[in-house]
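The working numbering applies: residue 0 is where the sequence shown begins, and numbers increase by one.
Shown next, in structure tokens, is the structure this report addresses.
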Amino acid sequence: MENIMDTTDLKDKLGATADKAKHLAASAVETATDAGRTVAAEVKTHASETLETVKGAAVEKAGVARDTLVDAADRLADQLEAEASDVDGVSARVLNGLASGVTTVSDRLRGRNLGDLLADAQDYARRNPATFAVGAAVAGFALARFIGSTAARQTAAARAAEATDRLYRDAARRTADNQGFSAAQKASQ
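Here it is as structure tokens:
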């Protein structure tokens, strides 16, 4: 009879232990789930902050580029106006018209953000697709020429440096050969 009691007690203890284990496991799962949610929220917050930082840096760089472009356009307009004052007739009117157009573009760019400029470009492209396509082609051609001329200058500079190095090496070799010849001549005398 004692065996039966021991078995019943054992079953009760095992059942209680199983219940405790079940509760501990549920608690561990809940803790892990909460920790996962917390980590996910922190990652999301960090990612949002990083994205905002990157956006801010991009907007700032776009603003600097816009300001540089506006300054260059202002200088170009001033130069065109100065050139127009040096000539007469049709040439002066054309140069003044170009200066006026450049000033208008510069004024439209000044103080505007990148989103506004992109929206304006898209609107213009929708209203005037042929003109926009020609302008894009001309801009692409100009960019390609600029890049090509920059590469050509870099290549020419590299070739010039290489030629200078060869001249120095040849001069050094000739000097060494001449000194060696002089030493051999003196030894034979």
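Using N, Cα and C, we set each Cβ at its ideal position, and we do this for glycine too.
To the nearest angstrom, how far is it from the Cα of Asp-8 to the Cα of Lys-19? Computed Cα separation, rounded: 16 Å.
Cβ contact check for the region 96-104 and the region 67-85: 3 or more pairs under 8 Å: The region 96-104, when compared against the region 67-85, does touch it at the 8 Å Cβ threshold.
Under a three-way DSSP split, which group does Val-63 fall into? Helix at Val-63.
Can you tell me where the alpha helix (DSSP H) holding Gly-110 begins and where it ends? No alpha helix (DSSP H) contains Gly-110, which DSSP labels as neither H nor E.
With 16 other Cβ atoms within 10 Å as the buried cut-off, status of Ala-72: Looking at its Cβ environment, which holds 16 or more other Cβ atoms inside 10 Å, Ala-72 is buried.
Quick one: Cα of Asn-95 to Cα of Ala-120, how far? Between Asn-95 and Ala-120, the C-alpha separation is close to 25 Å.
Quick one: measure Cβ to Cβ for Leu-68 and Leu-108, integer angstroms, because I've assumed they're closer than 8 Å. Right, their Cβ atoms sit about 6 Å apart.
What number of angstroms, rounded off, separates the C-alpha of Val-86 from the C-alpha of Arg-74? CA-CA distance, Val-86 to Arg-74, rounds to 19 Å.
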